[in-house]
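If you read the first sequence in numbering that gives the first Met the number 0, its first letter stands for residue 0, the second for the next number, and so on.
Where a beta carbon is used, it is the ideal one built from N, C-alpha and C, also for glycine.
Taking it in order: structure first as C-alpha cells, then the write-up.
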Amino acid sequence: MCGRYVMARALGDLVADAGAVEPKESLELRESWNVAPTADVPIVLERTEGDQPVREIHVARWGLVPPWAKDVSVGSRTFNARSETVTEKPTFRAAVKARRCAVPVDGYYEWLKPGPGAPKSAKKRPFYIRPQDGRPIYFAGLYEWWKDGSLTEDDPGRWLLSCTILTGPSPEADSGDDTLDQLHGLHDRLPLPMDRETMDSWLEPQKLASAEAAGHLVDQVREQANGTASAWVLDEVGTAVGNVRNNGPELIEPIV
DNA sequence: CCAGACGTTGTT
DNA sequence: GTCTGG
DNA sequence: CCAGACGTTGTT
DNA sequence: GTCTGG
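Laid out in C-alpha cells, this is it:
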C-alpha cells in the first residue's frame, strides 16, 4: 500500500518528465521527504481543451473527498483505493470513470511488521522504495472535486481538489525477481505504478466514461504493475520518518 | 419509508 | 482499543 | 501510514 | 448522489 512518500523534485523537472504543460500560475508546492495523508501534493491529469487533451500538473489534497461529503474528514481514510473494488465503491466509482490521474512520487515508505515469532520489543521497521533510475514513479490515481458548504456573504464557497492512490496485490512469492520477492516479503499490498504507455491510456479523457471501459483500464494497470516495480530498490531507513513532523533528506538515508 | 453509511490497512 | 490529525 | 489523543466543569 | 439496513 502507500501511506507515506517522498516528493522533493523541482516542479520544472516534474513538468518535463511528465510531459505536462508549463503551469500558468505558480503552484503552492513544497518539497517533502515525509508526505502524509491530508497533505497537498502534485498530481498529473488531462483535461479536454477544445477537443485537444492537455496534460497539466495540479495540486490536490491527498485523501479523496467525494462530492457528497459533509466535510473533508472522510479524506483521511481514502488515501488508497483498492483496485479490485474501485469501480463499485460509492466513494470512487464516479471518479474512476472520468477523473483518473497520476500521482508522481520520488519513492515511498512501507513499514515491515515484526513476524509472529518476533520478541515483544520488536518494532515496525520502515523501508524506502524508489526507482533505480531516479526518475519519478507515477502511481495510478483518481481525483475529485468537493465544494466547501460554508457559505457566507464574502465567501461563496471554495472548491477542493483531492486525490487517492490505487493499490493491488503485492507480487507473488518466488517470482524469480529479487525486487519483486522483496516487495512480497514487505507487504501484501502494492501501490500501482504505471509504465509510460499505461499512463497515457489511464490519463486520456474518455468520450464515453463507461464503467466497463474504466474496468478495463484498471485491469491494464494491475497487469503491468509488477513490470514497473521490478526496477525499484528497497532500503531500510531510520524510524524518524514515523513522525510526520520530521522532514528532510536524511529520512531516506539507508541504515547500516 | 427514513437514517446512515459511503474507506483502507492489518490483526485476530 | 479506536479515532483524529498530520 | 504513524503518533498522539482519548474529557468536563469551572476558574484564572 | 446512491445504496443498505432497519
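N- and C-terminal bounds of the alpha helix (DSSP H) containing residue i
{"i": "Ala213", "result": "210-228"}
{"i": "Ala201", "result": "In the sequence under discussion, the amino acid at residue 201 is Trp, which differs from the Ala named in the question. It spans 195-202 - the alpha helix (DSSP H) in which Trp201 sits, taken as one unbroken run."}
{"i": "Asp180", "result": "177-185"}
{"i": "Gly11", "result": "10-17"}
{"i": "Arg95", "result": "Here residue 95 is Val; the residue named in the question, Arg, does not match the sequence. Taken as a continuous stretch (DSSP letters only), the alpha helix (DSSP H) holding Val95 covers 92-97."}
Same chain only: Cβ atoms within 8 Å of residue i, ignoring 5 sequence neighbours per side
{"i": "Gln181", "result": "Leu233"}
{"i": "Ser82", "result": "Ala139, Leu165, Thr166, Gly167, Leu191, Val217, Val220, Arg221"}
For residue i, the first and last residue of its enclosing beta strand (DSSP E)
{"i": "Val5", "result": "4-6"}
{"i": "Gln51", "result": "51-61"}
{"i": "Leu159", "result": "158-168"}
{"i": "Asp147", "result": "First-last for Asp147: undefined, no H or E at that position."}
{"i": "Leu44", "result": "39-48"}
{"i": "Pro190", "result": "188-190"}
{"i": "Trp32", "result": "31-34"}
{"i": "Asn79", "result": "79-81"}
7 Å Cβ shell around residue i - same chain, five flanking residues per side excluded
{"i": "Pro276", "result": "What the structure shows of the chain is the stretch from 0 to 255, and residue 276 is not part of that stretch, so it cannot be assessed."}
{"i": "Asp176", "result": "Ser229"}
{"i": "Leu111", "result": "Lys123, Arg124, Phe126, Leu185"}
{"i": "Gly74", "result": "Thr37, Arg60, Gly62, Leu63, Val64, Ser161"}
{"i": "Met0", "result": "Asn79, Thr166, His186, Arg188, Pro190"}
Distance between beta carbons of residue j and residue i, contact taken as under 8 Å
{"i": "His183", "j": "Glu171", "result": "7 Å"}
{"i": "Val95", "j": "Leu159", "result": "About 19 Å; that fails the 8 Å criterion."}
{"i": "Arg76", "j": "Ala17", "result": "Contact flag wrong, Cβ pair sits at about 28 Å."}
{"i": "Glu203", "j": "Pro103", "result": "Incorrect: roughly 18 Å between the Cβ atoms, too far for contact."}
Beta-bridge pairing of residue i - partner residues as DSSP gives them
{"i": "Gly237", "result": "The partner list for Gly237 (beta bridge, DSSP) is empty, contrary to what the question assumes."}
{"i": "Pro103", "result": "Tyr137"}
{"i": "Leu111", "result": "Arg124"}
{"i": "Arg244", "result": "According to DSSP, which records beta bridges pairwise, Arg244 is partnered with nothing at all."}
Chain-order list of residues whose beta-carbon lies under 6 Å from that of residue i (same chain, five-residue window excluded)
{"i": "Ala93", "result": "none"}
{"i": "Gly237", "result": "Ile254"}
{"i": "Tyr107", "result": "Cys1, Tyr4, Ile128"}
{"i": "Gln205", "result": "Ala212"}
{"i": "Trp231", "result": "Ile128, Pro130, Thr178"}
May I ask you to verify whether the stretch 34-51 touches the stretch 119-135, counting CB pairs closer than 8 Å and requiring at least 3?
Output reads no: the stretch 119-135 does not touch the stretch 34-51.
For the stretch 30-41 and the stretch 53-67, state whether three or more C-beta atom pairs, one from each stretch, are separated by less than 8 Å.
yes
Mind the definition here: the stretch 0-8 touches the stretch 21-35 only if three or more C-beta pairs lie below 8 Å; say whether that holds.
Taking a cut-off of 8 Å for Cβ pairs, the stretch 0-8 and the stretch 21-35 touch, as three or more such pairs fall below it.
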